[in-house]
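Single-structure report; data block below.
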Ligand code: TIU
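Here's what the structure looks like:
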């Protein structure tokens with residue numbers, strides 16, 4: 072029988088059935104988060120993302136301890152780059168771009184060290200890892216099919232970056248009929264103003280794309 076938990080959130084409380092919910096952790100990859108990776112090479116402050124590691128670790132432990140569904144995503148491309156649109160390859164006019172040799176292997180290429188998930192949040196056996204070529208986790212992946220097979224209706228979304236892959240994924244999920252709860256301490260942006268606005272856009276207009284809360288609130292609800 073469904074047992075709904077209620078967590079304080081904005082714009083109003085989020086009620087979810089843990090057995091029909093998944094923790095969706097977006098792109099916590101070495102190239103985005105680690106000093107010396109692609110993100111830092113582009114001039115970004117990785118500390119803005121690294122503050123999400125500990126809250127995600129605690130949440131992931133609580134979620135796993137309850138035996139609930141966890142799904143991880145990684146942004147990246149096939150080694151032959153056949154799934155990399157030219158528009159994405161050349162965008163930014165940087166000297167080094169996706170597919171080129173970077174500080175931790177070829178940039179955002181599947182199988183390379185920098186493409187993998189950070190050790191602190193490494194997927195456990197049985198936890199699906201969605202390799203996505205775009206910013207959204209639903210486009211050109213089997214995420215929707217996996218969620219449907221498991222009867223999942225609601226998503227707790229964490230990861231990086233708030234305004235890019237997290238926001239795109241939440242919008243895609245919303246249009247597919249999923250409720251999304253985004254945890255502000257578990258999502259990060261290289262840019263504080265985008266962090267603030269990225270969260271504000273989700274919860275505006277009565278929760279136009281979803282709800283916003285924090286990891287402590289969810290962990291407490293799971294423990295109750
Ligand atoms: N995962 C993700 O958000 N990919 C990005 O490219 N993010 C940026 O903020 N650039």
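In my numbering, the protein residues as written are 72 to 295.
Beta carbons are placed, not taken as given, at the ideal position from N, Cα and C, and that holds for glycine.
No experiment lies behind these values; they were computed from the predicted model shown.
If I measure Cβ to Cβ from residue 199 and keep anything under 6 Å in the same chain, skipping five residues before and after, which residues do I get?
Excluding positions up to five away in sequence, the list reads 142, 217.
What are the complete beta strand (DSSP E) segments, minimum 3 residues, inside the region 184 to 235?
You should have 200 to 203, 225 to 231.
Since residue 241 and residue 228 should fall inside the 8 Å C-beta cutoff, what is the C-beta to C-beta distance between them, to a whole number of angstroms?
Cβ-Cβ separation between residue 241 and residue 228: approximately 6 Å, consistent with a contact (criterion under 8 Å).
With 16 other CB atoms within 10 Å as the buried threshold, where does residue 113 fall?
Counting other Cβ atoms within 10 Å of its Cβ, residue 113 stays below 16 and is therefore classed as exposed.
In the DSSP assignment, the alpha helix (DSSP H) including residue 265 goes from what residue to what residue?
Counting along the chain, the alpha helix (DSSP H) containing residue 265 begins and ends at 263 to 278.
Would you list the one or two residues that DSSP bridges to residue 97?
For residue 97, the pairing in a beta bridge is given by DSSP as 144, 230.
Quick one: what does DSSP say residue 158 is sitting in, helix, strand or coil?
The answer is helix: DSSP assigns residue 158 an H, G or I state.
Could you tell me if residue 161 is buried or exposed, where buried requires 16 or more neighbouring beta carbons within 10 angstroms of its beta carbon?
Exposed, by the Cβ-count rule.
Nearest by alpha-carbon distance to residue 248: which of 263, 269, 224 is it?
Nearest option by C-alpha distance: 224.
Where the beta carbon is closer than 5 Å to any heavy atom of the ligand TIU, which residues qualify, in chain order?
Those residues placing their Cβ nearer than 5 Å to any heavy atom of the ligand TIU are, following chain order, 98, 146, 232, 235, 236.
With DSSP as the reference, please indicate the residues paired to residue 86 in a beta bridge.
By DSSP's assignment, residue 86 forms a beta bridge with 77.
If you count every other CB in all the chains shown that lies within 10 Å of the CB of residue 291, and 16 or more means buried, which is it?
If you draw a 10 Å sphere on the C-beta of residue 291, you find fewer than 16 other C-beta atoms in it, and that means exposed.
Below-7 Å beta-carbon distance, residue 193 vs any chain B residue:
Here chain B cannot be found, since the structure has a single protein chain.
Three or more beta-carbon pairs under 8 Å between the region 121 to 137 and the region 155 to 175, yes or no?
Taking 8 Å as the limit for Cβ pairs, the verdict is that the region 155 to 175 does not touch the region 121 to 137.
Taking 7 Å as the cut-off, decide whether the C-beta atoms of residue 301 and residue 98 are in contact.
No answer is possible for residue 301: it lies beyond the span of the chain, which begins at 72 and ends at 295.
Starting from the Cα of residue 144, find the closest Cα among 172, 132, 215 and give me that residue.
Checked all of 172, 132, 215; the closest Cα to residue 144 is 215.
Applying the criterion that 16 or more other CB atoms from any shown protein chain within 10 Å of the CB defines a buried residue, is residue 271 buried or exposed?
That one is exposed.
Can you find the residues in the same chain that come closer than 8 Å, C-beta to C-beta, to residue 243, ignoring five residues on each side of it along the sequence?
Around residue 243: 207, 208, 209, 210.
Just checking my contact of residue 257 with residue 115 at CB under 8 Å: how many whole Å lie between their CB atoms?
That belief does not hold up - the Cβ atoms of residue 257 and residue 115 are roughly 19 Å apart, past 8 Å.
Span of the beta strand (DSSP E) holding residue 252?
It spans 250 to 259 - the beta strand (DSSP E) in which residue 252 sits, taken as one unbroken run.
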